[in-house]
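Following: one structure in structure tokens, then a few remarks.
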Amino acid sequence: MPWRPETELEIRVELRQRVGAIAQEILNAQPCGLNEARHLVALMERWLRESREGILGSVHDHFGREGVRSHALAVACLMMNFAHHAGCRREYVLEMGLAGLLHDIGKLTIPVEILDKPGRLDTEETMVMRGHAENGGVLLERWGLVSPLVIAVCRHHHERLDGSGYPSGLIAKDIAEPVRVATICDVYDALISRRSYKQAWSSALALDEMRRARGNFDPDLLAAFAQSLEPATL
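See below:
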């Protein structure tokens, strides 16, 4: 199905349902989820080539049309768009998409009352929530079907260049470039999205805030990321 204004809502509903099914298959260590995940990523990569402004526009639909929006899909799209913009080989673009799709898989292990809490998490809840990164890496290792790149993105996308991140407190030299890109895409999408505890930010405001957060993001990659959004930034 082509990505068009008249098909977008139907596609987004279907994609979100498929992401949920894939997540459960991974949680249950079932191998069939990988083919479905790769097929979904390949579809998104094709839509990026054919309807780039349309699919990036859906990422920047802050409220989600009728509530249909997925952070995992948005991050996968942003990571593939970045890799496309950088002129990477299609195989790498698809691997980045798979990493983005699965980067938060560890949240399946977090209690719903913490995951969906409308207010600010307390100290204990924050520590539980932070466990999703390591838990996700363990889940994917147990699954045994994805590359070290995908596992690294899942486990380390909350690391920061200055060593203040988690779960391992890695510093710049120890954080691979795909992970650095994932960190940018993850935070950017969180900022432009409406959440129970915040309103959606504009793209410009999100990028400005990220530029000011020195020590968190690779400045060269962040600049390239901002360029990759033009002229589709909303």
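Sequential numbering of the sequence shown, starting at 1, is according to UniProt numbering.
Every residue gets a Cβ at the ideal spot worked out from N, C-alpha and C, and that includes glycine.
Values in this document were obtained by computation on a predicted structure and should not be read as measured data.
- The beta carbons of I105 and C77 sit about 17 Å from each other, so the pair does not count as a contact at 8 Å.
- In summary, C185 is buried, with 16 or more beta-carbon neighbours lying within 10 Å of its beta-carbon over all protein chains present.
- A straight line joining the alpha-carbon of A190 with that of I171 spans about 23 Å.
- Approximately 5 Å separates the beta-carbon atoms of L145 and L34; this is inside 8 Å, confirming the contact.
- Straight through space, the alpha carbons of M80 and R90 are spaced by roughly 9 Å.
- For the pair of segments examined, the stretch 141–155 was found to touch the stretch 102–119: the number of CB pairs separated by less than 8 Å reaches three.
- Taking all protein chains shown into account, P178 has 16 or more neighbouring C-beta atoms within 10 Å of its C-beta and is therefore buried.
- The alpha-carbon of G119 is positioned some 29 Å away from that of I26.
- In this structure, the straight-line span from the alpha carbon of P219 to that of A176 is close to 14 Å.
- The beta carbon of L161 sits closer than 6 Å to those of A172, G215, all from its chain and outside the five residues before and after it, given in chain order.
- For the set L9, R180, V93, L222, the Cα lying nearest the Cα of R49 is the one of V93.
- In this structure, A72 sits near L101, with a CB-CB distance shorter than 9 Å.
- Counting only runs of at least 4 residues, the stretch 112–170 fully encloses the following alpha helix (DSSP H) elements, listed from N- to C-terminal order: 112–115, 123–143, 148–156.
- Per DSSP, the beta-bridge partners of R195 are K198.
- Around the beta-carbon of S193, 16 or more other beta-carbon atoms lie within 10 Å, marking it buried.
- Between the C-alpha atoms of W3 and V19 there is a straight-line separation of about 18 Å.
- By a beta-carbon distance limit of 8 Å, L222 contacts R211. Their separation comes to about 7 Å.
- Residue state for E53 is assigned as helix, using DSSP reduced to three classes.
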